[in-house]
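Everything in the sequence shown is counted per the numbering used here, starting at 236 for the first residue and increasing by one.
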Amino acid sequence: MPELINSDLVVLDAQLGGDKTAVITSLAQVVASAGRSSNAAGLAEDAFAREAKAPTGMPGGLAIPHCRSEHVSEATLAFARLKPPIDFGAKDGPADLVFMIAAPASGDQEHLRLLTKLARALIRPDFTASLRAARTTGEVVQLVSAVVQLDEAAPPEAASAAVATSAQAASPDAPAALMTIVAVTSCPTGIAHTYMAAEALAKAGEKAGVNVVVEPQGSVGAETIDPEVIRSASAAIFATDVGVRDQARFAGLPEIKTGVQRGIHNADELVTQAVAAASDPNAPRVAAGTGSGASGGGRSATAGGLGTRLRTALLTGVSYMIPFVAAGGLLIALGFLLGGYELALTYTAHDFTGGNLGEYVLANYKLTSLPPGDLSSHALLHSGLLLYLGAVMFKIGGLAFAFLIPALAGYIAFAIADRPGIAPGFVAGSVAVLTNAGFIGGIIGGLLAGVVALYLAGLKVPPFVRGLMPVVIIPLFTCMSVGLLMYVVLAKPLSWITTQLTDGLNSMSGSSAVLLGVVLGLMMCFDLGGPVNKAAYLFATAGLADQSTASFRIMAAVMISGMVPPLALALAATIRPGLFTEPELENGRAAWLLGASFISEGAIPFAAADPFRVIPAVMVGGAVAGGLAELMHVGLHAPHGGIFVLFAVDNKLSFLIALVAGTVVAAALVVGLKGYDRATSTIEEPALVNA
Numbered sequence: 236m237p238e239l240i241n242s243d244l245v246v247l248d249a250q251l252g253g254d255k256t257a258v259i260t261s262l263a264q265v266v267a268s269a270g271r272s273s274n275a276a277g278l279a280e281d282a283f284a285r286e287a288k289a290p291t292g293m294p295g296g297l298a299i300p301h302c303r304s305e306h307v308s309e310a311t312l313a314f315a316r317l318k319p320p321i322d323f324g325a326k327d328g329p330a331d332l333v334f335m336i337a338a339p340a341s342g343d344q345e346h347l348r349l350l351t352k353l354a355r356a357l358i359r360p361d362f363t364a365s366l367r368a369a370r371t372t373g374e375v376v377q378l379v380s381a382v383v384q385l386d387e388a389a390p391p392e393a394a395s396a397a398v399a400t401s402a403q404a405a406s407p408d409a410p411a412a413l414m415t416i417v418a419v420t421s422c423p424t425g426i427a428h429t430y431m432a433a434e435a436l437a438k439a440g441e442k443a444g445v446n447v448v449v450e451p452q453g454s455v456g457a458e459t460i461d462p463e464v465i466r467s468a469s470a471a472i473f474a475t476d477v478g479v480r481d482q483a484r485f486a487g488l489p490e491i492k493t494g495v496q497r498g499i500h501n502a503d504e505l506v507t508q509a510v511a512a513a514s515d516p517n518a519p520r521v522a523a524g525t526g527s528g529a530s531g532g533g534r535s536a537t538a539g540g541l542g543t544r545l546r547t548a549l550l551t552g553v554s555y556m557i558p559f560v561a562a563g564g565l566l567i568a569l570g571f572l573l574g575g576y577e578l579a580l581t582y583t584a585h586d587f588t589g590g591n592l593g594e595y596v597l598a599n600y601k602l603t604s605l606p607p608g609d610l611s612s613h614a615l616l617h618s619g620l621l622l623y624l625g626a627v628m629f630k631i632g633g634l635a636f637a638f639l640i641p642a643l644a645g646y647i648a649f650a651i652a653d654r655p656g657i658a659p660g661f662v663a664g665s666v667a668v669l670t671n672a673g674f675i676g677g678i679i680g681g682l683l684a685g686v687v688a689l690y691l692a693g694l695k696v697p698p699f700v701r702g703l704m705p706v707v708i709i710p711l712f713t714c715m716s717v718g719l720l721m722y723v724v725l726a727k728p729l730s731w732i733t734t735q736l737t738d739g740l741n742s743m744s745g746s747s748a749v750l751l752g753v754v755l756g757l758m759m760c761f762d763l764g765g766p767v768n769k770a771a772y773l774f775a776t777a778g779l780a781d782q783s784t785a786s787f788r789i790m791a792a793v794m795i796s797g798m799v800p801p802l803a804l805a806l807a808a809t810i811r812p813g814l815f816t817e818p819e820l821e822n823g824r825a826a827w828l829l830g831a832s833f834i835s836e837g838a839i840p841f842a843a844a845d846p847f848r849v850i851p852a853v854m855v856g857g858a859v860a861g862g863l864a865e866l867m868h869v870g871l872h873a874p875h876g877g878i879f880v881l882f883a884v885d886n887k888l889s890f891l892i893a894l895v896a897g898t899v900v901a902a903a904l905v906v907g908l909k910g911y912d913r914a915t916s917t918i919e920e921p922a923l924v925n926a
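Shown next, in the form of structure tokens:
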């Protein structure tokens, strides 16, 4: 097995830039120079994406940026001892010891076991002290290799240390005098924070005199906690960012729910809270029937305040809905490219009424009996074959789009009630479609289904009924109650609201339409892929199901304004490179492609480094682009793809004009704001010297 770290991957007492973006970029270049990556910029982008989810700074002057990346050929550790330290987001100050963990996207299990050992070693003060005292790169390599060395006598499963415990409490044979607390840790990538939190909780248990049995649900195929240990436990701690697999195992236990970062930073406090919850009859408890199965991803609605729970549920629904939107929208756009927009228009023939041209083609023709190419005046090459294939693509895309609102509702309910909420949520979403309640009805139906399913899951039932709850009783009664409520009470008012909204959008013209484009542009550029951005995107993509002129124009305004931030930063870095650091210039080169592909997150490295100048500038540019798109009646039939779905755009020249105008305005503002700050600093410096 190739070595995880060598002297080429170690940098001592170096200044790698003024912020964490520069440090990560430099370490990615170190990995590339050592022959472990052929694309340093791509590796850095993957690390930035992980960093955007949560800071990787740790207590004690540590940082551990990490990612899975297709740009890494083998699992690699790069290490830097920084002078001066750089802020990575830890509460106790900047970091001087930085490990970059780069794991291949394929996820080599043997290497991942080594990475988990390193994550645990970083909790030990003696290990970090040795790293600070090391005089040569060779000493660092020896120190790291020693802590990640696999015990050759132990099988891989044992070496993974899948279940971390305190006081050797890994089995029912643990000392009976000690209280047992079970815990689960998990982070989005499952490499570092998962295992650091597990180690921190285990050590906190030792200090508190409590048996803490931890199941790290990370990238390594870990063993699960023994069911006997769970039955003997007094409380459960869930320090997770991505949900708990098979949470139903812990049903009935008092629970402490938090994020994985708190598991690392405040492990002592969490153990103390768990001990107190064990003797508190009013403490929140793990609901029966919850658990996301082997696939993970579910999360009980008991975590966080009401606003946080609602936001999490809505974003979960949007996240799971987007693949249906993207696949369906792009297939419809591809159908239009091959067969022309006439596929969506009503077609009447002597033996066919009431449907569109696409349905007529599929009902009357097949591959061995192709339609005439002139059925659609915009069929590519006027080919009957391409017209037929376009009709097929258009139909498949429409079928995918039919799941848009049911998927939104189903996974909103899933985020609230876990697996028992999925079926009722999909049913509620389907009722919303059938009653013309639209995506508003889907959201309300998903929330209702999730709340009812969660309530039923928390009921105390006889043991012989418990097994039927998640698969029969909860789905049956939730579908029945929410379905009746949607049909009998909510269908007409929700349908009226949706109709009014649709009619209002369709009637928008002139200044009102421009104002809508401006607002959508501001939302798309405010948090670059965050909740506000996602809300605007959901509004646009949900409207695409109507296939109306207004919905196409809204989608165009959203996509064009979402392309502006990365393109504007790329342009600004190109025309005024002196205003940007070397890492930012490298990010700027990548941002051209990201912006052209409608990936707003390409501007995050710039916004993170300088939010008070970058974000207002790109918001203005996005507002200009969105307003111009509406003013010039640009329409877009695809929900994603950027410049690469130009074939699905109505009024292509205006699309490009709006995009260029927004990009230029945002870039000019970025350059102006950064240049003004630079000029001010230059003027003030002599005054300080003379003083």
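Just so you know, even glycine gets a beta-carbon here, dropped at the ideal spot from N, CA and C.
Take Thr475 as the anchor and find which of Leu488, Ser618, Asn591, Gln452 has the nearest alpha-carbon. Considering only alpha carbons, the answer is Gln452.
Short of 7 Å in beta carbon distance, which residues of its chain neighbour Ile647, apart from the five on each side in sequence? Order them along the chain. Within the same chain, Ile647 has close Cβ partners Ala548, Leu549, Thr551, Gly552, Gly660, Ile678, Gly681, Leu682, Gly685.
Return the bridge partner residues of Ser304 from the DSSP annotation. As a beta-bridge residue in DSSP terms, Ser304 pairs with Pro339.
Glu309 by DSSP, collapsed to three states: which one? It is coil, neither helix nor strand.
Let me know if Lys601 comes out buried or exposed under the rule of 16 or more other beta-carbons within 10 Å of its beta-carbon. Lys601 should be labelled exposed.
Tell me the residue span of the alpha helix (DSSP H) that contains Tyr690. For Tyr690, the enclosing alpha helix (DSSP H) has its first and last residue at 673 to 692.
What is the DSSP secondary structure of Ala409, counted as helix, strand or coil? Summary for Ala409: the model assigns pLDDT 42, below 50, so the residue's position carries little reliability, and this model does not support an answer.
Please work out which residues of its chain come closer than 6 Å, Cβ to Cβ, to Gly856, disregarding the five sequence neighbours upstream and downstream, and give them in chain order. Within the same chain, Gly856 has close Cβ partners Val799, Ala803, Gly897, Val900, Ala901.
Indicate whether Leu751 and Ile675 have their beta-carbon atoms separated by less than 9 Å. Cβ distance not < 9 Å, so Leu751 and Ile675 don't count as in contact.
Looking at Ala842: is its Cβ nearer than 9 Å to the Cβ of Gly830? The answer is no: Cβ separation not under 9 Å.
Sub-9 Å separation of Lys255 and Pro294 beta-carbons: Contact flag unset, no.
Could you name the residues that DSSP lists as bridge partners for Pro489? Arg520, per the DSSP bridge assignment.
Under 9 Å between the Cβ atoms of Leu991 and Met704? Limits of the chain in this structure are 236 at one end and 926 at the other, which puts residue 991 out of reach.
Please list, in chain order, all residues of the same chain as Pro812 whose beta carbon is under 8 Å from its beta carbon, the five residues on each side excluded. Answer for Pro812: Leu820, listed in chain order.
Between the Cα of Val687 and the Cα atoms of Gly664, Ala672, Met715, which residue gives the shortest distance? Out of Gly664, Ala672, Met715, Met715 has the C-alpha closest to the C-alpha of Val687.
Inspect the beta-carbon positions of Met759 and Ser835 and report whether they are closer than 9 Å. Yes, they are a contact pair.
In whole angstroms, what separates the C-alpha of Ala663 from that of Gln735? Straight-line spacing of the CA atoms in Ala663 and Gln735 works out to 21 Å.
Find the nearest neighbour of Val895 within the set Val464, Val859, His872, His875, judged by alpha-carbon distance. Among Val464, Val859, His872, His875, the Cα nearest to that of Val895 is on Val859.
Less than 9 Å between the C-beta atoms of Ala315 and Ser261, yes or no? At a Cβ-Cβ threshold of 9 Å, Ala315 and Ser261 count as neighbours.
Residues in the same chain with beta-carbon distance under 6 Å from Asn768, minus the five sequence neighbours each way, listed in chain order, please. Within the same chain, Met759, Asp762 come within 6 Å of Asn768 by CB-CB distance, once the 5 residues on both sides are set aside.
With distances taken between CB atoms, is the gap from His428 to Ala289 smaller than 9 Å? Contact flag set, yes.
Per-residue DSSP class, three states only, for Met293: Strand, per DSSP.
Distance CB(Pro606)-CB(Leu622) smaller than 9 Å: The Cβ-Cβ distance between Pro606 and Leu622 falls below 9 Å.
Is it the case that the Cβ atoms of Leu247 and Thr372 are separated by a distance below 9 Å? Taking 9 Å as the cut-off, the Cβ atoms of Leu247 and Thr372 count as close.
From the DSSP output, in three-state form, read off Gly494 for me. Coil, per DSSP.
Enumerate, from N- to C-terminal direction, the unbroken alpha helix (DSSP H) stretches of 4 or more residues contained entirely within the segment 240 to 268. Counting only runs of 4 or more, we get 255 to 268.
To the nearest angstrom, how far is it from the Cα of Asp503 to the Cα of Asn822? Distance between the alpha carbons of Asp503 and Asn822: 40 Å.
DSSP beta-bridge partners for Phe473? In the DSSP output, where bridge partners are listed per residue, Phe473 has Val419, Lys492.
Local Cβ density within 10 Å of Ala404, reported as buried at 16 or more and exposed below that: Per-residue confidence for Ala404 stands at a pLDDT of 40, beneath the threshold of 50, marking its modelled position as unreliable; no derived number is given.
Just checking my contact of Val417 with Phe485 at CB under 8 Å: how many whole Å lie between their CB atoms? That belief holds up - the Cβ atoms of Val417 and Phe485 are roughly 7 Å apart, short of 8 Å.
Ends of the beta strand (DSSP E) at Asn446? 446 to 451 is the span of the beta strand (DSSP E), which, as asked, contains Asn446.
Please report the Cβ distance between Leu505 and Gly498, rounded to the nearest whole angstrom; I am assuming they are in contact, meaning their Cβ atoms lie under 8 Å. Indeed they touch by this definition, with Cβ atoms about 7 Å apart.
Which residue from Asp481, Glu441, Met431, Pro516 puts its Cα closest to that of Ser469? The option with the nearest alpha carbon to Ser469 is Pro516.
Between which two residues does the beta strand (DSSP E) containing Ala381 stretch? No beta strand (DSSP E) contains Ala381, which is instead part of the alpha helix (DSSP H) from 372 to 382.
Quick check on DSSP: helix, strand or coil for Pro319? Under the three-state reduction of DSSP output, Pro319 falls in the strand class.
Rounded to whole angstroms, what is the Cα-Cα separation between Ile878 and Thr311? Rounded to whole angstroms, the separation of the alpha carbons of Thr311 and Ile878 is 35 Å.
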